[in-house]
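Residue numbers (the numbering used here): 8 to 472. Glycine is no exception: its CB is placed at the ideal position from the N, C-alpha and C atoms. Structure first, commentary second.
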Ligand SMILES: [Zn+2]
């Protein structure tokens, strides 16, 4: 079966292809007004899994993600703290990138800041005005949704009975408040603004994404993704703006990650179940444990984030790491491997097909764990053939090029001398049992953690980079 994704726009699961093998993808990034919470990171982890699977399936990526560094909340907080927008957002942008690195989220090919594209946004608003999609009121410019009859096609809502001319000024609002939305906001007293030929003001949140997506990726994206809470109004508004600007469909595929609950409840500060990634790491959990839990539930299912779930994620990772170590170091008997090689190929097929099926990560994990269970049993019985070890490790490699949890995070930035010596001992063991690929892998892992090995006549020497 071919690679297929569920498309919010059509309500269908559709085969994903790309004419020139490059995926032009836009994902909505963070609004850097505070530390990102674990619900935000569900979406960002989904983008990462999507990226990695597309690449494993042979696509090239051109992925753009925005950093929203001007909006209602940012202005409110920056003004309250008497900071400039740049000084205020720099703190949270840095924190966001650190959190992403901890979760091993790949950097998109381009990260773009809204405030660095103000002239382009003003030009787009000017063009919308020239084509009569806008009107002015009190110095602000609004998009008239009555001028775009397809408004509502993404959220599958019918807004045709709406009163023309009713407006909404805030960046975020509910469906019941569907109104003409603001493109350019006149500054209130004391608020920062940009001077453009539209008059003093700043862009609304929605126009940012349309303008930056089209600027870098062209009129029609292959994929536009975000959290489910962005379908309305944000993505509906992006479509209205973009398609009015270009006359072309804005994105072929719209993909949305479902909500995250905490211990079965909606996350909220008043319930005391509101967690940033930092809150969770401060409790002693490893970032890769959080990554595993966030990635393990298919993106279109609501994810119930629990501390029990984190503990079992840690156990699952430990189990896989032990299994990998066993493959790398145990001595297996020379015996016919044909059946085992077939079993390994089947596990990989199940893994791949699960992910091709709209990124069904839960099913992909089930395929791997069933394989691990069966082969561990064979190893216990001395019936695992030596020639099957390398293919089994290759399966784990494929698993890890997506899930990326098998390498332990360096504690405090670096491995201890003891940990390094232990890895070298494991590698010596592997070499003794002629498992040269296993030995190379350990060398490579240590190198990735900044440790260089040197094989000498007197044994192995090591140094830090
Ligand atoms: Zn957006």
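Whose CA, out of the options, lies closest to the CA of residue i?
i           : options            : result
residue 121 : 201, 52, 380, 53   : 201
residue 27  : 465, 68, 184, 208  : 68
residue 314 : 288, 212, 464      : 288
residue 429 : 142, 453, 389      : 453
residue 90  : 197, 184, 300      : 197
residue 331 : 311, 413, 350      : 413
residue 17  : 70, 92, 94, 256    : 256
residue 125 : 153, 149, 145, 77  : 77
residue 21  : 230, 439, 96       : 230
residue 103 : 92, 83, 74, 306    : 74
residue 457 : 472, 320, 227      : 472
residue 193 : 10, 470, 79        : 79
residue 303 : 371, 38, 64        : 371
residue 108 : 186, 9, 36, 416    : 416
residue 93  : 333, 123, 449      : 123
residue 34  : 260, 426, 351      : 260
residue 397 : 447, 367, 380, 204 : 447
residue 83  : 47, 177, 383, 10   : 177
residue 115 : 136, 151, 51, 157  : 51
residue 213 : 385, 204, 224, 238 : 238
residue 443 : 58, 338, 152       : 338
residue 131 : 226, 346, 180, 449 : 226
residue 111 : 221, 58, 351       : 58
residue 38  : 119, 86, 8         : 119
residue 312 : 127, 272, 185      : 272
Does any heavy atom of ligand 1 sit closer than 7 Å to the C-beta of residue i?
i           : result
residue 241 : yes
residue 73  : yes
residue 245 : yes
residue 35  : yes
residue 233 : yes
residue 216 : yes
For the beta strand (DSSP E) containing residue i, list its first residue and its last residue.
i           : result
residue 463 : 458-463
residue 232 : 228-234
residue 69  : 67-74
residue 147 : 147-150
residue 253 : Where residue 253 is concerned, there is no enclosing beta strand (DSSP E), although the alpha helix (DSSP H) it sits in stretches over 243-253.
residue 141 : 141-144
residue 118 : 117-120
residue 364 : Premise fails: residue 364 is in no beta strand (DSSP E) and is neither H nor E.
residue 447 : It is not in any beta strand (DSSP E) - residue 447 instead sits in the alpha helix (DSSP H) that spans 443-455.
residue 165 : Here residue 165 belongs to no beta strand (DSSP E), and DSSP marks it neither H nor E.
residue 202 : 201-203
For residue i, report the span of its alpha helix (DSSP H) as first-last.
i           : result
residue 398 : 396-410
residue 84  : 79-87
residue 106 : 92-109
residue 190 : Taken as a continuous stretch (DSSP letters only), residue 190 belongs to no alpha helix (DSSP H), being part of the beta strand (DSSP E) at 187-192.
residue 375 : 368-387
residue 468 : From DSSP, residue 468 is part of no alpha helix (DSSP H) but of the beta strand (DSSP E) over 466-471.
residue 207 : Unbroken run through residue 207 is the beta strand (DSSP E), 206-210; no alpha helix (DSSP H).
residue 336 : 314-336
residue 297 : 294-303
residue 286 : 284-289
residue 259 : Counting along the chain, residue 259 falls outside any alpha helix (DSSP H), though it belongs to the beta strand (DSSP E) covering 258-264.
residue 268 : Where residue 268 is concerned, there is no enclosing alpha helix (DSSP H), although the beta strand (DSSP E) it sits in stretches over 267-269.
residue 137 : 125-137
residue 184 : Taken as a continuous stretch (DSSP letters only), residue 184 belongs to no alpha helix (DSSP H), as it is neither H nor E.
residue 424 : 424-439
- Item | Contact the stretch 293-304 vs the stretch 243-253: 3+ CB pairs below 8 Å | no
- Message: I want to know whether the stretch 278-288 touches the stretch 41-59 - three or more CB-CB distances under 8 Å.
- Response: yes
- Message: If contact is defined by three or more beta carbon pairs under 8 Å, each pair taking one atom from either stretch, is the stretch 222-237 in contact with the stretch 264-271?
- Response: yes
- Where in the stretch 10-53 do unbroken runs of the beta strand (DSSP E), each at least 3 residues long, occur, reported from the N-terminal end onward? 11-14, 19-22, 29-34
- Are the stretch 393-412 and the stretch 338-357 touching, with three or more C-beta to C-beta distances below 8 Å? yes
- Pair every Cβ in the stretch 236-245 with every Cβ in the stretch 142-162, then say whether three or more of these pairs are closer than 8 Å. yes
- contact_flag[the stretch 139-156, the stretch 92-108] where n(CB pairs < 8 Å) is 3 or more: no
- If you pair each beta-carbon of the stretch 401-411 with each one of the stretch 321-335, do three or more pairs fall below 8 Å? yes
- Stretch pair the stretch 371-385 + the stretch 307-321: three plus CB contacts closer than 8 Å: no
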